[in-house]
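When we follow the numbering used here, the leftmost residue of the sequence shown carries the number 326, and every step to the right adds one.
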Amino acid sequence: MMISANMPWFKGWKVTHKVGNASGSTLLKAMDYILPPTHPTDKPLCPPVQDIYKIVVLVLSLWAEWKLVLKPSMVVTFAPVNITTEVKSVEMHREALSAALPGDNVGFKVKNVSVKDVRHADASGDSKNDPPVETAGFTAQVITLKHTCAGLSHIACKFSKLKEIDRHLGKKWEDAPKFF
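Spelled out as structure tokens, the structure:
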């Protein structure tokens, strides 16, 4: 690719990585220097349930945010219902897997759980490594987007206290704003 005369304001790009520095003047060359994300597997698993089927297959996505490997015979806990059960199998596109890694979109079958017991958006996690639990409250930074379906799970929450902050400086603008 050639440098365009249509963008005189663009002076090129520079990137600094632990593995070295690079610079260039085209988008195509910049894409060669993008490092793939790392997927540590030693962190707690806590993905939300996306779908539930009558054969009690729970479908969830192990995106990059979730760090554990999901395997058959693993004991998992669902919150807030506090149900603990064993994973019978892990599947991707109806084929059995020996393990699901972070980034995989998988379904898994569990023992002795009714479809009525677990709901969409319930958290699931390893019973032996920081299992999910119900909480009375939490603090969250919420950024309102124009698109209402931008996210994985739709979970009802009630706001008890709101603070408006400058997200760049982290300073409070207003306590209990009338709207956001």
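Each residue gets a CB set at the ideal place from its N, CA and C atoms; glycine is no exception. Since this is a predicted model, take the numbers as computed values, not measurements.
query, result
"State buried or exposed for residue 431, treating a residue as buried only when at least 16 other CB atoms are found within 10 Å of its CB.", "buried"
"Apart from the five residues just before and just after residue 488, which ones in its own chain have a Cβ nearer than 7 angstroms to its Cβ?", "497, 500"
"Helix or strand or just coil, what does DSSP make of residue 413?", "strand"
"Straight-line CA distance for residue 494 to residue 404?", "35 angstroms"
"With 16 as the cutoff for other CB atoms within 10 Å, does residue 423 come out buried or exposed?", "exposed"
"Which two residues bound the contiguous alpha helix (DSSP H) that contains residue 330?", "Run containing residue 330: none; DSSP gives neither H nor E here."
"Residue 349 to residue 363, Cα distance in whole Å?", "25 angstroms"
"Please classify residue 449 as buried or exposed, where buried requires at least 16 other C-beta atoms within 10 Å of its C-beta.", "buried"
"Ends of the alpha helix (DSSP H) at residue 339?", "No alpha helix (DSSP H) holds residue 339; the beta strand (DSSP E) holding it covers 338-342."
"At the level of alpha carbons, what is the spacing between residue 387 and residue 374?", "Summary for residue 387: the model assigns pLDDT 48, below 50, so the residue's position carries little reliability; its value from the coordinates is reported in the next sentence. Roughly 10 angstroms separates the two Cα atoms."
"Answer with buried or exposed for residue 357, where buried requires no fewer than 16 other C-beta atoms within 10 angstroms of its C-beta.", "exposed"
"Indicate the three-state DSSP secondary structure (helix, strand or coil) for residue 353 in the structure shown.", "helix"
"Would you call residue 399 buried or exposed, if buried means 16 or more other Cβ atoms sit within 10 Å of its Cβ?", "buried"
"What does a CB cutoff of less than 6 angstroms around residue 421 pick up in its chain, not counting 5 residues either side in sequence?", "414"
"For residue 329, I'd like the list of residues in its chain whose CB is within less than 7 angstroms of its CB, leaving aside the five on either flank, ordered along the chain.", "none"
"In whole angstroms, what is the alpha-carbon distance linking residue 484 and residue 466?", "12 angstroms"
"Cβ of residue 411 within 8 angstroms of Cβ of residue 435?", "yes"
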